[in-house]
Amino acid sequence: MVRACMSRRPSLPARPAKSKAVIGRAATIRLIAAHRGAGARSWRVCVYVPKALDDDHKLVRMIGRDAAERLVAAFGGEILQPGHLRGMKSEWMRRTAWQLATEGWPAAWIAEVLRWTPEYARRVLNDPPPEGFAVHVPTAGSGATVHNSTQGKAPQAVGAEAD
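Residue numbering for the sequence shown follows my numbering, starting at 29 and increasing by one per position.
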């Protein structure tokens, strides 16, 4: 049995560092996800932080009263541009693909689950594993052999299965 270990969480982009320091990682992710870009500049996420909050304000509904109050205290009256989560999503998808591959899933199945083309899944899996990703392969005897991401070896040949 092969087991994968994702030793680190996908990182947030550098831009939301100010809000992350004030309201924390989870609330920052919820805030960015809820404010997907819209309109003419859909790639840009803009969040207006009011100077005062009501109980039914959208910030309170998205991130909770406590986090919203901390955000207002730090950035009241400002427009934040915290970035987007595309890089974080991409990193998570690659890590998920590697985890499924180490569990024995063929590239065609991984592509279907992640809504990728089979060619793209094979390309991702033929690249070295993501940074911090370790593959544990138990061997006969005691313990397990650890293949770290620095070795750049895939846990199986991924281009050989049928689509």
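Yeah, the Cβ is synthetic: ideal placement off N, Cα and C, and Gly gets one too. All figures in this text were calculated on a predicted structure; none of them were measured in a lab.
* **Member of Q127, Y148, M116 whose CA lies at the smallest distance from the CA of A201** => Here the chain covers residues 29 to 191 and nothing more, so residue 201 does not appear.
* To do: Could you have a look at L142 and say whether DSSP puts it in helix, strand or coil?
  => Working through the sequence shown from its first residue, we reach residue 142 at position 114. DSSP places L142 in helix when its eight states are reduced to three.
* Flag this pair as touching only if the stretch 117-131 and the stretch 89-109 have three or more C-beta atom pairs under 8 Å; answer yes or no. => no
* To do: Note the first and the last residue of the continuous alpha helix (DSSP H) segment covering H159.
  => Along the sequence shown, one-based indexing puts residue 159 at 131. It is Glu, not His, that sits at residue 159 in the sequence shown. Run containing E159: none; DSSP gives neither H nor E here.
* Output yes if chain D places a C-beta closer than 8 Å to the C-beta of E159; else output no. => Of the protein chains in this structure there is only one, and it is not chain D.
* How would you label S47, buried or exposed, when you count the other beta carbons within 10 angstroms and need 16 or more for buried? -> Here residue 47 refers to the residue found at position 19 of the sequence shown. Classification for S47: buried.
* To do: Whole angstroms is fine: what's the gap from H63's alpha carbon to V73's?
  => Residue mapping note: residue 63 aligns to position 35 of the sequence shown, counting from 1. Residue mapping note: residue 73 aligns to position 45 of the sequence shown, counting from 1. Each residue's alpha carbon lies about 6 Å from the other.
* **Expected contact under 8 Å - CB spacing of V75 and V100 to nearest Å** => On the sequence shown, position 47 is the one that residue 75 refers to. On the sequence shown, position 72 is the one that residue 100 refers to. Not really, about 12 Å apart at Cβ, beyond 8 Å.
* Just the C-alpha distance for A80 and G104, rounded to the nearest angstrom, thanks. => Looking up residue 80 in the sequence shown gives position 52. Looking up residue 104 in the sequence shown gives position 76. Straight-line Cα distance between these residues: approximately 7 Å.
* **I60 classed as buried or exposed, judged by whether at least 16 other C-beta atoms fall within 10 angstroms** => Stepping through the sequence shown from its first residue, residue 60 is reached at position 32. Looking at its Cβ environment, which holds 16 or more other Cβ atoms inside 10 Å, I60 is buried.
* Straight-line gap, T52 to R123 (C-alpha atoms, nearest Å) -> Reading the sequence shown from its first residue, position 24 is the one you call residue 52. Reading the sequence shown from its first residue, position 95 is the one you call residue 123. Looking at the sequence shown, residue 52 is not Thr but Gly. Approximately 23 Å, taken between the alpha carbons.
* Flag this pair as yes or no: are the beta carbons of T56 and P110 separated by less than 8 Å? => Mapped onto the sequence shown, residue 56 falls at position 28. Mapped onto the sequence shown, residue 110 falls at position 82. Contact flag set, yes.
* alpha helix (DSSP H) containing V100: first to last residue? -> Stepping through the sequence shown from its first residue, residue 100 is reached at position 72. Per DSSP, V100 belongs to the alpha helix (DSSP H) from 93-103.
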